[in-house]
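Report on the following structure.
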Amino acid sequence: MESIKGDAHVASVELNCRCVAISCWEEATKSTLWGLSRISSRLKPLYADATYKYAVAGEGVDVYIVDTGIFVQHEDFHGRARHGYTAPGITEGNKDLNGHGTHCAGIAASSTYGVAKEAALVAVKVMDAAGSGLVSDAVAGIEYVYKEHVKGKRKSVMNLSFGVSEPNLALERAVTAAVESGINAAVAAGNNAGDACLVTPARVQSAITVTASTISDVIADYANYGPCVDIVAPGSDILSTYIGSRDATAVLSGTSMAAPHVAGWVARYLSEPRDDIPIPRQVKAALQSSSTKGVLYPVDGTLDLLVYAACRGGTLQAQIGFRLLFTLGLIFVIL
19 MESIKGDAHV
29 ASVELNCRCV
39 AISCWEEATK
49 STLWGLSRIS
59 SRLKPLYADA
69 TYKYAVAGEG
79 VDVYIVDTGI
89 FVQHEDFHGR
99 ARHGYTAPGI
109 TEGNKDLNGH
119 GTHCAGIAAS
129 STYGVAKEAA
139 LVAVKVMDAA
149 GSGLVSDAVA
159 GIEYVYKEHV
169 KGKRKSVMNL
179 SFGVSEPNLA
189 LERAVTAAVE
199 SGINAAVAAG
209 NNAGDACLVT
219 PARVQSAITV
229 TASTISDVIA
239 DYANYGPCVD
249 IVAPGSDILS
259 TYIGSRDATA
269 VLSGTSMAAP
279 HVAGWVARYL
289 SEPRDDIPIP
299 RQVKAALQSS
309 STKGVLYPVD
319 GTLDLLVYAA
329 CRGGTLQAQI
339 GFRLLFTLGL
349 IFVIL
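Once you know that position 217 of the sequence shown is 235 in my numbering, the rest is easy, because the numbers rise by one and skip nothing.
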C-alpha cells in the first residue's frame, strides 16, 4: 500500500466504499405535480388551478442520469431516453431494477412529469437493484459522461442523486474535472438532516448542490443543509415515472428528487437561444440570481433560494390540474 501511495502517477489511495441513492419511498396511489407549478411561480400557487409554463424545453441538451439506470421504454420518454453506460461493478445488466434512476429521469425530462420536456436522457448505470454502488463505479460513470461530452460537443448536464457520507477525494476530483470540461452537475445534498458539506459529491464547490423543499415552502426535515447548499427545489411527495410497466409512476421524497428539478432547469436554460454556450459557473450564477428569494423558512446557514424557471421567449404552457394529497410516514434510506 505504501509503495502505491508513493508512486508519482497515483493521485490518492482511498477505501473503495459504497455510495447509495439519496431517496425515500412513500406508499401512494396518487399525488400532484406541485413541484412543476412551484418552480413556475414566484408566489406559492393555488395548486388546484396551477400551471407549468415554458417556452423552451431542453431541446439539443443531453441530461445524463448517473444512477440505477433508466427504464428507457417508458412511454413518457417518447423515445428520448437511451442507455449509455453500465459500470464494471454492476453485474445485473443495463435495466433499471430499482426505479430510482427512472424516477429522477422523469423529473428532469419526461413529457408529463419533467422540467425539460424535450431534452435527451442518457442512462449511466453505477448503482444496482439495491440502490448502491462502489465509488469506483461512480467515478467510471462520470468519466463516461466526460468522454461523451467531449466527443459530442453537446450541451450537457449530469444529475448525481447519490452520495457518500464522508469526504472522498476520488469522487470529488471526478466531478470537479467534469464541471471544468463544461458539464453542469446537479447534485443531491443528502437526507441525513445534517451538514451537506460532510457528503460527497454534495461538498464539491463547482457543482450545484440541491436540497429539498416541501409543498409548504419549508426545507424538508430529512434534508441536508448548510453553506454547501446552492439552491432549494421541490423534493417531497414528487410524482414521476417508474419501473414495472410502460406507464408506471411512483411518489418518492428526498433530495434525490430535488436535484433533477435543477438538472431540468439547466437543460431549459442551455436550450435558450444565445450566441455563446454559458459555462457551468455562469449557469449556477444565473440559477441563483433568478431564484425566488425570501419564501423559505431559514435553516442553519442554508441560502434562502428556491429554484424558479421563468417562461422566457414564448407563451407555451402545460396545464396541470390536480388535487392536493397530504401523506405521512416517510421511510428514509440511509445515505
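Beta carbons are placed, not taken as given, at the ideal position from N, Cα and C, and that holds for glycine.
Cα-Cα separation between residue i and residue j, rounded to whole angstroms
i, j, result
"Tyr82", "Gly97", "15 Å"
"Ile233", "Val317", "16 Å"
"Asn116", "Thr86", "6 Å"
"Val284", "Ala328", "12 Å"
"Tyr287", "Val74", "8 Å"
"Gly332", "Ala126", "Bear in mind that the predicted position of Gly332 carries a pLDDT of just 38, short of 50, making it unreliable; the figure below should be weighed with that in mind. Taking the straight line joining both Cα atoms gives about 21 Å."
"His118", "Gly149", "7 Å"
"Leu321", "Asp248", "7 Å"
"Ser357", "Pro298", "Not covered by the structure: residue 357. The range shown for the chain is 19 to 353."
"Gly170", "Tyr315", "42 Å"
"Asp94", "Arg191", "35 Å"
"Tyr162", "Gln300", "24 Å"
"Phe89", "Gly111", "12 Å"
"Arg56", "Ile261", "26 Å"
"Asp235", "Ser309", "14 Å"
"Asp146", "Lys113", "9 Å"
"Ser289", "Ile226", "18 Å"
"Gln91", "Val153", "28 Å"
"Pro63", "Leu139", "29 Å"
"Asp255", "Val313", "19 Å"
"Leu51", "Arg292", "30 Å"
"Ala195", "Leu270", "31 Å"
Per-residue burial, residue i [other beta carbons within 10 Å of its own, 16 or more giving buried]
i, result
"Glu45", "Only weak support is given to the placement of Glu45: the predicted model assigns it a pLDDT of 30, under 50, and the value that follows is read from those uncertain coordinates. With fewer than 16 Cβ atoms within 10 Å of its Cβ, Glu45 is classed as exposed."
"Thr109", "exposed"
"Pro185", "exposed"
"Pro106", "exposed"
"Arg100", "exposed"
"Gly355", "Outside the displayed range of the chain (19 to 353) lies residue 355, so it cannot be described from this structure."
"Ala277", "buried"
"Ser231", "buried"
"Val168", "exposed"
"Asp155", "buried"
"Arg264", "exposed"
"Leu54", "buried"
"Ser49", "Confidence in Ser49 is poor, its pLDDT being 41 and thus under 50, which makes the residue's placement unreliable; the coordinate value appears in the next sentence. Result: buried."
"Ala303", "exposed"
"Pro252", "buried"
"Leu187", "exposed"
"Asp6", "Within the shown structure, residues of the chain are numbered from 19 to 353, placing residue 6 beyond reach of any answer."
"Ile237", "buried"
Endpoints, beta strand (DSSP E) assigned at residue i
i, result
"His101", "99-104"
"Leu139", "138-143"
"Ala214", "Element bounds for Ala214: n/a, residue is neither H nor E."
"Leu270", "267-271"
"Val257", "Here the sequence assigns Leu to residue 257, which means Val is not the residue at that position. Segment 256-259, the beta strand (DSSP E) holding Leu257."
"Thr69", "69-71"
"Ser231", "226-231"
"Asn242", "Counting along the chain, Asn242 falls outside any beta strand (DSSP E), and DSSP gives it neither H nor E."
"Pro252", "249-252"
"Ile83", "79-85"
"Ser174", "173-178"
Range of the contiguous alpha helix (DSSP H) that encloses residue i
i, result
"Ala156", "153-170"
"Thr120", "118-127"
"Lys302", "298-308"
"Ser55", "52-57"
"Ala192", "187-198"
Rounded distance between the beta-carbons of residue j and residue i, thought under 8 Å
i, j, result
"Val144", "Gly124", "Val144 to Gly124, Cβ: 19 Å. No contact."
"Asn210", "Val175", "No, Asn210 and Val175 are not in contact; Cβ-Cβ is about 25 Å, not under 8 Å."
"Glu136", "Gly76", "5 Å"
"Ala204", "Val228", "6 Å"
"Thr259", "Ser128", "5 Å"
"Val79", "Lys173", "5 Å"
"Tyr243", "Ala214", "6 Å"
"Val157", "Leu189", "6 Å"
"Gln306", "Leu323", "6 Å"
"Val197", "Pro219", "Not confirmed; about 10 Å, so no contact."
Nearest to residue i (by Cα), restricted to the options the options
i, options, result
"Gly282", "Gly170, Thr194, Tyr326, Lys113", "Tyr326"
"Thr130", "His167, Ala195, Lys71", "Lys71"
"Asn430", "Thr267, Thr104, Lys113, Ala141", "Outside the shown range of the chain (19 to 353) lies residue 430, about which nothing can therefore be said."
"Ala296", "Ser199, Asn112, Ala230, Val236", "According to the sequence shown, residue 296 is Pro rather than Ala. Of Ser199, Asn112, Ala230, Val236, the residue nearest in Cα terms is Ser199."
"Phe180", "Lys171, Ile57, Arg221, Lys165", "Arg221"
"Leu61", "Cys329, Lys311, Tyr315, Asp322", "Lys311"
"Tyr103", "Trp52, Lys165, Asp94, Ser271", "Lys165"
"Ala268", "Gly262, Leu257, Pro252, Leu314", "Leu257"
"His121", "Ala241, Ala214, His279, Thr69", "His279"
"Thr69", "Val133, Asn112, Ala303", "Val133"
"Tyr240", "Ile261, Ile226, Ser274", "Ser274"
"Gly272", "Ser289, Glu290, Val250", "Val250"
"Cys246", "Gly212, Leu270, Leu51", "Gly212"
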